[in-house]
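Let me begin by presenting the structure, written as structure tokens, before commenting on it.
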Amino acid sequence: MLTTELIELPTSFTKSRVHSLYSDFRKLAESNPEGYSANIAAWKSALWVVLGTPGLMPDTLLLTADADLIALFDTSLLGTPLALDTVFDQLVKDGTLIPLKQFVDPARAPIRSSRPWWSNVPTPRSAFSWALSKTGFYDPNWHSALNRVHGTLRPERYVAVSCIDTMSNLLLDAIRKDYAATSKTHHEVITIGTPGGYTRSVYTKELFYTLYNTLSVPPKTPPYTTSQRVSVNLSETDLDVLLEYLSKDKPRLVYKDDTIKIDLSAEQVSDLVPISEKDRAVANMRGTIEAVLHRVDTLSAHITVCEDKARVALAAGRKPVARYALRSRRLAQSSQESALGMLANLETTLHSIDTATDNAGVMAALQSGIHILTNLNSEIGSVEKVAELVDELDEAVADTEEIGRQIGTLSQVDEDLVEDELQELLQEQQELQLPSVPTTPLPKVEEKEEELLSSQLNKIQIS
70 MLTTELIELP TSFTKSRVHS LYSDFRKLAE SNPEGYSANI AAWKSALWVV LGTPGLMPDT
130 LLLTADADLI ALFDTSLLGT PLALDTVFDQ LVKDGTLIPL KQFVDPARAP IRSSRPWWSN
190 VPTPRSAFSW ALSKTGFYDP NWHSALNRVH GTLRPERYVA VSCIDTMSNL LLDAIRKDYA
250 ATSKTHHEVI TIGTPGGYTR SVYTKELFYT LYNTLSVPPK TPPYTTSQRV SVNLSETDLD
310 VLLEYLSKDK PRLVYKDDTI KIDLSAEQVS DLVPISEKDR AVANMRGTIE AVLHRVDTLS
370 AHITVCEDKA RVALAAGRKP VARYALRSRR LAQSSQESAL GMLANLETTL HSIDTATDNA
430 GVMAALQSGI HILTNLNSEI GSVEKVAELV DELDEAVADT EEIGRQIGTL SQVDEDLVED
490 ELQELLQEQQ ELQLPSVPTT PLPKVEEKEE ELLSSQLNKI QIS
């Protein structure tokens, strides 16, 4: 297995290919497309190794391309790779990587749309750029080389699209779990408010970063190759990228300025409701609760320290120091009680907001139902009209039954005549089945035959 000083290169870096990988292979795109594609795929695997190795990149979801990255692949046998800029250019062209500046550009098309991410609605400026590109004076393609010098990399951060999709799913799982939590989880502020209630769906950015700066990643989740679950720390840039992705490409939240609102039921951007003043107020309230909780924890630690100091001072016979420590502890306890009272009031307020929000939802549903029923009733008409229709229906049914009875009388026949005809048919059948009585006399037996028969009978009797 080939290695550099800091990383282990992937298995695609075979001895038969490694010299090509470290060469300036950009010309292979025309002379040997298959070899060019194989080299790009191998370098992509190597970059994913870098991305999945903790400590090599300042961010988890972004590759930082610069001279340090090139130096990371230096080896004593192979030297410095000469085509990393070609690799980045191709990965950007394929949509595997997106330059950070372009990713956060409001004009960027959604990644999952039918258009590529780098395709925007034509504007006079883009049309002008296209015209210039045809003259040869302007190149619209992305170039990662520093000052267009092949083999170099200009300082730039690139978003790894597959990684943000994977990490966004893990983030949504964590949010979904916290949204419905009924018992204390990894952070106490999560359980304040009604489980599944509105107030748990809004955050300040600071609170959001505090809650979700660490995610648990299952084993063998690219770009991580570990066989065990790992905890991944996300930078603020990582979280900003995830917010952008989850608001545009996989719409599950909306954010503006310092406020974030989650909507796990959304399926498209149009389903997301813009941030309102109520959202900002509730988010700030949750941020205040987080600050108060932090202060309570700090005061608890201070109270413990003061108690320990008082005991040590008394054991050493230094009563003034012990008295000061106890006085400081009392002040901390008083402040903590005040903070806890404030916390209780804030929590009660959040529960009241959730209840009022639910009530407003019920009222809106009732009003909608009333509106629907009113429209349907207006289509049907008045009660008197319905009664008239029912009477007309009853009359129509009665007429139908009477018509049926009248038609039935027309088809009636004399049952006695039918019975007589049936008896005649039966009599005819019986006559056909019995043999006829003979009408001619039977022929006489000759006298000789009678004598012969008589003699034979006599012989039989004698014997």
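So the mapping is simple: the working numbering equals the position in the sequence shown, first residue as 1, plus 69.
Here a beta-carbon is modelled for each residue, glycine too, at the ideal position from N, C-alpha and C.
In this text the structure is predicted, and so the values were computed from the model without any measurement.
Within a Cβ cutoff of 7 Å, which residues of the same chain sit near Leu-215, ignoring the five residues on either side of it in sequence? By 1-based counting over the sequence shown, the position of residue 215 is 146. Correct list, in chain order: Thr-221, Leu-222 and Arg-223.
Identify the residues that DSSP records as bridge partners of Val-495: which are they? Residue numbering aside, residue 495 sits at position 426 when the sequence shown is read from its first letter. For the record, residue 495 in the displayed sequence is Leu; it is not Val. Looking at the DSSP assignment, Leu-495 forms no beta bridge with any residue, so it has no partner.
Using 10 angstroms around the beta-carbon of Ser-188, count the other beta-carbons present and answer buried if the total reaches 16, otherwise exposed. Your numbering for residue 188 matches position 119 in the sequence shown. Residue placement at Ser-188 is poorly supported in this model, since its pLDDT is 45, which falls under 50; the coordinates still yield a value, given next. That one is exposed.
Tell me which residues share the same chain as Val-271 and place their Cβ nearer than 6 Å to its Cβ, disregarding the 5 neighbours each side in the sequence. Translated into positions along the sequence shown, residue 271 becomes position 202. Lys-330, Asp-348, Val-351 and Ala-352.
Would you kindly work out how many angstroms separate the C-alpha atoms of Leu-400 and Glu-275, rounded to a whole number? By 1-based counting over the sequence shown, the position of residue 400 is 331. By 1-based counting over the sequence shown, the position of residue 275 is 206. Their Cα atoms are separated by approximately 29 Å.
Expressed to the nearest angstrom, what Euclidean distance is found between the alpha-carbon atoms of Leu-462 and Arg-474? What you label residue 462 is simply residue 393 of the sequence shown in a count that begins at 1. What you label residue 474 is simply residue 405 of the sequence shown in a count that begins at 1. Cα-Cα distance, rounded: 19 Å.
Just to confirm my understanding: we take Thr-129, look at its own chain, exclude 5 residues before and 5 after, and list those with CB closer than 6 Å. What are they? For this step, residue 129 is matched to residue 60 along the sequence shown. Excluding residues within five positions, the ones whose Cβ falls inside 6 Å are Val-301, Leu-303 and Asp-307.
Hey, Leu-78 and Ala-115: beta-carbon distance below 7 Å or not? To locate residue 78, count along the sequence shown from 1; it is residue 9. To locate residue 115, count along the sequence shown from 1; it is residue 46. In contact: Leu-78 and Ala-115 (Cβ atoms closer than 7 Å).
Do you know whose CA, among Ala-394, Leu-241, Ala-384 and Arg-396, lies nearest Lys-37's CA? Outside the displayed span of the chain (70 to 532) sits residue 37, for which this structure offers no information.
Taking the C-alpha atoms as reference points, what is the distance between Thr-83 and Phe-94? Counting from 1 along the sequence shown, the entry for residue 83 is found at position 14. Counting from 1 along the sequence shown, the entry for residue 94 is found at position 25. Thr-83 and Phe-94: Cα-Cα distance of roughly 16 Å.
Whole angstroms are fine: how far does the CA of Asp-327 sit from the CA of Thr-367? Position 298 of the sequence shown, counted from the start, is the residue given in the question as residue 367. Position 258 of the sequence shown, counted from the start, is the residue given in the question as residue 327. Going from the Cα of Thr-367 to the Cα of Asp-327 covers about 25 Å.
Per DSSP, which residues does Tyr-227 bridge with? Please list them. By one-based count along the sequence shown, residue 227 stands at place 158. Paired residue(s): Leu-132 and Pro-168.
Which residues share a DSSP beta bridge with Val-286? One-based indexing of the sequence shown puts residue 286 at position 217. DSSP lists Val-299 as partners of Val-286.
Can you tell me whether DSSP reads Glu-484 as helix, strand or coil? On the sequence shown, residue 484 is found 415 positions in, with the first residue counted as 1. In this structure, Glu-484 counts as helix in the three-state DSSP scheme.
May I have the straight-line CA-CA distance separating Glu-484 from Glu-497, to the nearest angstrom? Position 415 of the sequence shown, counted from the first residue, corresponds to residue 484. Position 428 of the sequence shown, counted from the first residue, corresponds to residue 497. Computed Cα separation, rounded: 20 Å.
Less than 8 Å between C-beta atoms, sequence neighbours within five positions excluded: which residues of the same chain meet that for Lys-162? Within the sequence shown, numbered from 1, the residue matching residue 162 stands at position 93. Result list for Lys-162: Asn-210 and Trp-211, in chain order.
In terms of residue numbering, what span does the alpha helix (DSSP H) encompassing Ile-439 cover? The count along the sequence shown starts at 1 and reaches residue 439 at position 370. Looking at the DSSP string, the run of the alpha helix (DSSP H) that includes Ile-439 is 388-449.
Pick out the complete beta strand (DSSP E) segments inside the stretch 105-164, 3 residues or longer, and give them in chain order. 131-134
Which two residues bound the contiguous beta strand (DSSP E) that contains Ile-329? Sequence index remark: in the sequence shown, residue 329 carries index 260 (1-based). Unbroken beta strand (DSSP E) run through Ile-329: 328-331.
What would DSSP say about Val-323, mapped onto helix, strand or coil? Working through the sequence shown from its first residue, we reach residue 323 at position 254. Strand at Val-323.
Under 7 Å between C-beta atoms of Arg-398 and Ile-422: By 1-based counting over the sequence shown, the position of residue 398 is 329. By 1-based counting over the sequence shown, the position of residue 422 is 353. Against a cut-off of 7 Å, the Cβ pair of Ile-422 and Arg-398 comes out as no contact.
Which value, in whole angstroms, describes the spacing of the CA atoms of Ile-344 and Glu-313? The residue labelled residue 344 in the question sits at position 275 within the sequence shown. The residue labelled residue 313 in the question sits at position 244 within the sequence shown. Their backbone Cα atoms lie some 15 Å apart in a straight line.
Counting only beta-carbon atoms, is Arg-269 nearer than 7 Å to chain D? In summary, chain D is missing from the structure at hand, where a single protein chain is found.
Terminal residues of the alpha helix (DSSP H) in which Thr-279 lies: By 1-based counting over the sequence shown, the position of residue 279 is 210. Unbroken alpha helix (DSSP H) run through Thr-279: 274-281.
Leaving out the 5 sequence neighbours to the left and right, which residues in its chain are closer than 7 Å to Met-126 when beta-carbon positions are compared? Residue 126 sits at position 57 when you count from the first residue of the sequence shown. Hits under 7 Å: Val-119, Leu-120, Leu-132 and Thr-133.
N- and C-terminal bounds of the alpha helix (DSSP H) containing Ile-180: Position 111 of the sequence shown, counted from the start, is the residue given in the question as residue 180. Ile-180 -> no alpha helix (DSSP H), and no H or E assigned at all.
Output yes or no for whether 7 Å exceeds the beta carbon distance between Leu-315 and Leu-322. Looking up residue 315 in the sequence shown gives position 246. Looking up residue 322 in the sequence shown gives position 253. Yes.
Counting only the same chain and skipping the five closest in sequence on each side, list residues whose C-beta sits under 6 Å from that of Arg-194. Reading the sequence shown from its first residue, position 125 is the one you call residue 194. With a pLDDT of 45 at Arg-194, under the threshold of 50, the modelled position of that residue is not reliable, and the figure given next carries that caveat. Answer for Arg-194: no residue qualifies.
Does DSSP classify Val-271 as helix, strand or coil? On the sequence shown, residue 271 is found 202 positions in, with the first residue counted as 1. Note: Val-271 maps to strand in three-state DSSP.
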